[in-house]
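A.B. asks: Going down the list, the protein sequences come from chains A and B. Be aware that the first sequence starts at 2, since it is given in my numbering, and climbs by one per residue. Be aware that the second sequence starts at 16, since it is given in my numbering, and climbs by one per residue.
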Amino acid sequence: MSLLPEFFAFLGVDVFVAMSLLTCLLDDYFPKTLPYVFQAAAIGGYVHILISREFLTLFGDYMRFWYCFLYLAVALANVIALNVYLAAIKKNWTLAKVFSGTVVFPVLLISVFFISNYASQIAEFYFLQMAMLFSALVLGLSIAVLLSPKVIGKYWKRR
Amino acid sequence: MKRVFSKSAKMLILTLMSILVISATAAVYYSLDMTSTITTAANDVYFILGPDNATAGVSIFNDNKSATLTQLKAYPNITMTYDDPIRVRNNHTSTNYSVRLRPVSRSGGPAYFVYINFTLQTSTTISLNYTSNGSTWTNPSSTSFVELTANTEYAIVVQTMANATAPSSQTASIEIAIDIEQ
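#1: Please name the residue, chosen from A:F8, A:L148, A:A132, that lies closest to Y161 of chain A on a Cα-to-Cα basis.
#2: CB-CB under 6 Å to A76 of chain A, same chain, minus the five flanking residues each way: which ones, in chain order?
#3: From the DSSP output, which residues share a beta bridge with W152 of chain B?
#4: Going by C-alpha to C-alpha distance, which of A:P6, A:Y37, A:L4 sits closest to S33 of chain B?
#5: Please decide whether F107 of chain A counts as near chain B, where near means a Cβ-Cβ distance under 8 Å.
#6: In this structure, does DSSP put S81 of chain B in helix, strand or coil?
#7: Per DSSP, S149 of chain A forms a beta bridge with which residues?
#8: So, at 6 Å on beta carbons, what are the nonlocal neighbours of E190 of chain B in its own chain, with the 5 sequence-adjacent residues on each side left out?
#9: Going straight from the alpha carbon of N79 of chain B to that of G72 of chain B, what length do you get?
#10: Could you give the first and the last residue of the continuous beta strand (DSSP E) run that contains Y112 of chain B?
#11: I want to verify the contact list: residues of chain A whose CB lies under 8 Å from the CB of M26 of chain B, in sequence order.
#12: Can you pull the chain B neighbours of I50 of chain A, defined as C-beta to C-beta under 8 Å?
#13: For S33 of chain B, would you say it is in contact with chain A, using Cβ-to-Cβ distances shorter than 8 Å as the test?
#14: Based on the DSSP output, what are the partners of T180 of chain B in its beta bridges?
#15: What does a CB cutoff of less than 7 Å around V105 of chain A pick up in its chain, not counting 5 residues either side in sequence?
#16: Tell me A9 of chain B's beta-bridge partners as DSSP assigns them.
#17: To the nearest angstrom, report how far apart S159 of chain B and T30 of chain B are at their CA atoms.
#18: Under the three-state reduction of DSSP, which class applies to L77 of chain A: helix, strand or coil?
#19: Among B:R117, B:A170, B:G149, which residue has its Cα nearest to the Cα of Y130 of chain B?
#20: Whole angstroms are fine: how far does the CA of V139 of chain A sit from the CA of L147 of chain A?
#21: Provide the residue span of the beta strand (DSSP E) that contains M95 of chain B, from first to last.
#22: Less than 8 Å separating the beta-carbons of G123 of chain B and A187 of chain B?
#23: Quick one: measure Cβ to Cβ for S157 of chain B and R115 of chain B, integer angstroms, because I've assumed they're closer than 8 Å.
#24: Can you give me the Cβ contacts of F39 of chain A inside the same chain, cut-off strictly under 8 Å, excluding the 5 residues immediately before and after it?
#25: Assign I93 of chain B to one of two classes, buried (16 or more other C-beta atoms within 10 Å of its C-beta) or exposed (fewer than that).
#26: Any chance the stretch 81 to 89 of chain B sits against the stretch 136 to 154 of chain B, with 3 or more Cβ pairs inside 8 Å?
#27: For a cutoff of 8 Å on Cβ pairs, would you count T30 of chain B as touching chain A?
#28: Taking the beta strand (DSSP E) that F133 of chain B falls in, what are its first and last residues?
#29: Under the rule that 16 or more other beta-carbon atoms within 10 Å means buried, what is G154 of chain A, buried or exposed?
#30: Let me know the secondary structure DSSP gives Q86 of chain B once reduced to three states.
#31: Out of B:I171, B:A170, B:V161, B:K25, point me to the one whose CA is closest to N111 of chain B's CA.
#32: Which residues in chain C sit within 7 Å of I37 of chain B, going by Cβ to Cβ distance?
#33: Could you give the DSSP three-state label for Y61 of chain B: helix, strand or coil?
Okay, here's the thing in structure tokens:
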């Protein structure tokens with residue numbers, strides 16, 4: 002089944018809802034009103050899809066993709082902003098690192114996967130191959146560093 | 016400052032709201048996914064007159080989608096062949112279409128006819144052959160699909176034969192259809 006452009010708005014709604022629950026859970030680190038702001042943004046996404054459906058024949062595929070993609074981009078920007086807030090404002094580096102590894106990176110990866118999937122419907126797009134190549138490179142470097150950890154130290158000393 | 020709601024109560028409210036929002040959004044997305052847009056288009060396959068159209072009394076109407084052959088004759092014990100009264104044309108410049116012949120209806124007594132045969136002259140010919148044993152008609156079943164090459168036309172050959180004792184002015188009426196597979 003091929004993806005519709007509105008899928009990105011749907012994904013954006015999911016991101017906002019997840020952020021709402023997460024900021025409520027971590028309410029000691031974030032402003033108290035933030036979960037409700039994210040809930041309101043998620044409801045805004047619902048209205049967004051509803052309007053898109055009602056004016057389906059009026060808006061072309063191109064326009065539908067861009068306004069849904071914009072909504073997802075705003076949701077992703079909020080996720081990154083939360084990470085920056087933890088790191089830069091709260092100076093809580095440990096939590097910021099955990100947050101980037103468990104929330105920001107997976108959310109970005111999932112979004113890129115679906116965007117590449119949608120793009121491949123229109124043109125050839127080798128996201129999976131590129132991701133595998135990147136993973137192989139990271140794995141190779143990690144094994145090299147694991148086997149001889151002094152290499153990095155030597156490299157930095159030389160510089 | 017005193018907390019009005021406990022954290023767990025806030026989580027519960029937000030979770031319920033989240034479930035509601037996601038369910039509603041998923042329902043709208045699903046209904047969107049089921050929306051189909053159908054556009055009207057001109058037919059690429061249609062009838063055109065063949066060189067023998069006057070002999071067979073061919074009339075084409077309904078934007079070349081329907082035709083009648085009203086002057087076909089069947090002679091006693093003689094096979095009458097109309098080589099090219101009407102043609103089926105695939106007018107598309109690049110797309111080939113698959114078509115078949117399908118019997119629709121038939122009327123008229125079987126006592127005076129031996130057979131009435133319609134053949135589409137594609138590379139693999141397909142035929143609808145109505146035969147009579149003098150008391151009942153044998154109706155053919157739909158043919159298999161054959162390909163119409165783009166920008167090409169194919170003749171429909173009609174062959175008839177009447178019973179040896181058939182008097183003149185006896186009529187049979189046969190309706191056939193051409194199904195197009197896309």
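All C-beta atoms in this analysis are idealised placements derived from N, C-alpha and C, irrespective of residue type, glycine included.
C.D. replies: In short:
#1: Because chain A here runs from 2 to 160, residue 161 of chain A falls outside it and cannot be looked at.
#2: Counted from its first residue, the first sequence places residue 76 of chain A at position 75. The beta carbon of A76 of chain A sits closer than 6 Å to those of G13, V16, F17, all from its chain and outside the five residues before and after it, given in chain order.
#3: Residue numbering aside, residue 152 of chain B sits at position 137 when the second sequence is read from its first letter. According to DSSP, W152 of chain B bridges with B:S147.
#4: In the second sequence, the residue the question calls residue 33 of chain B occupies position 18. Comparing Cα-Cα distances from S33 of chain B to each of A:P6, A:Y37, A:L4, the minimum goes to A:Y37.
#5: Along the first sequence, read from residue 1 onward, the residue named residue 107 of chain A stands at position 106. Before going further, note that residue 107 of chain A is Pro rather than Phe in the sequence given. For P107 of chain A, the answer is no, since every Cβ of chain B falls outside 8 Å of its Cβ.
#6: Taking the second sequence and counting its residues from 1, the one referred to as residue 81 of chain B is at position 66. Three-state DSSP puts S81 of chain B in a strand.
#7: Position 148 of the first sequence holds residue 149 of chain A. In the DSSP output, where bridge partners are listed per residue, S149 of chain A has none listed.
#8: As a first step, residue 190 of chain B must be located in the second sequence, where it is residue number 175. Here the set comprises V119, S120.
#9: Locating residue 79 of chain B in the second sequence gives position 64, where the first residue counts as 1. Locating residue 72 of chain B in the second sequence gives position 57, where the first residue counts as 1. If you take the alpha carbons of N79 of chain B and G72 of chain B, they lie about 15 Å apart.
#10: Residue mapping note: residue 112 of chain B aligns to position 97 of the second sequence, counting from 1. Under the DSSP assignment, Y112 of chain B falls in the beta strand (DSSP E) whose first and last residues are 112 to 122.
#11: By 1-based counting over the second sequence, the position of residue 26 of chain B is 11. Scanning chain A for C-beta atoms nearer than 8 Å to the C-beta of M26 of chain B yields L22, C25, L26, reported in chain order.
#12: Residue 50 of chain A sits at position 49 when you count from the first residue of the first sequence. In chain order: T40, V43, Y44, L47.
#13: Within the second sequence, residue 33 of chain B is the residue found at index 18, counting from 1. So, interface residue.
#14: Translated into positions along the second sequence, residue 180 of chain B becomes position 165. None, per the DSSP bridge assignment.
#15: For the purposes of this step, residue 105 of chain A is identified with residue 104 of the first sequence, where counting begins at 1. The answer, listed in chain order, is V80, I81, N84.
#16: This structure gives no information on residue 9 of chain B, because the portion of chain B shown stretches from 16 to 197.
#17: Taking the first residue of the second sequence as 1, we reach residue 159 of chain B at position 144. Taking the first residue of the second sequence as 1, we reach residue 30 of chain B at position 15. Looking at the two C-alpha atoms, the distance is approximately 59 Å.
#18: Within the first sequence, numbered from 1, the residue matching residue 77 of chain A stands at position 76. Helix, per DSSP.
#19: Within the second sequence, the letter at position 115 stands for residue 130 of chain B. That would be B:G149, whose Cα lies nearest to the Cα of Y130 of chain B.
#20: Residue mapping note: residue 147 of chain A aligns to position 146 of the first sequence, counting from 1. Residue mapping note: residue 139 of chain A aligns to position 138 of the first sequence, counting from 1. Approximately 12 Å between the Cα atoms of the pair.
#21: Translated into the one-based positions of the second sequence, residue 95 of chain B becomes position 80. Counting along the chain, the beta strand (DSSP E) containing M95 of chain B begins and ends at 95 to 105.
#22: Walking along the second sequence from the start, residue 123 of chain B turns up at place 108. Walking along the second sequence from the start, residue 187 of chain B turns up at place 172. Contact: yes.
#23: In the second sequence, the residue the question calls residue 157 of chain B occupies position 142. In the second sequence, the residue the question calls residue 115 of chain B occupies position 100. Between R115 of chain B and S157 of chain B the Cβ distance is about 6 Å, and since that is below 8 Å, they are a contact.
#24: Here residue 39 of chain A refers to the residue found at position 38 when the first sequence is read from its first residue. Cβ neighbours of F39 of chain A beyond the five flanking positions: F17, V18, M20, S21, T24, N79.
#25: Against the second sequence, residue 93 of chain B aligns to sequence position 78. Result: exposed.
#26: no
#27: To locate residue 30 of chain B, count along the second sequence from 1; it is residue 15. By this cut-off, T30 of chain B is an interface position.
#28: On the second sequence, position 118 is the one that residue 133 of chain B refers to. In this chain, the beta strand (DSSP E) harbouring F133 of chain B covers 128 to 135.
#29: Against the first sequence, residue 154 of chain A aligns to sequence position 153. With fewer than 16 other Cβ atoms from the protein chains shown falling within 10 Å of its own Cβ, G154 of chain A counts as exposed.
#30: For the purposes of this step, residue 86 of chain B is taken as the residue at position 71 of the second sequence. Looking at Q86 of chain B - three-state DSSP - the assignment turns out to be coil, as it is neither helix nor strand.
#31: Within the second sequence, the letter at position 96 stands for residue 111 of chain B. Nearest C-alpha to N111 of chain B: B:V161.
#32: The structure shown has no chain C; the protein chains it does contain are A and B.
#33: If you number the second sequence from 1, residue 61 of chain B lands on position 46. Looking at Y61 of chain B - three-state DSSP - the assignment turns out to be strand.
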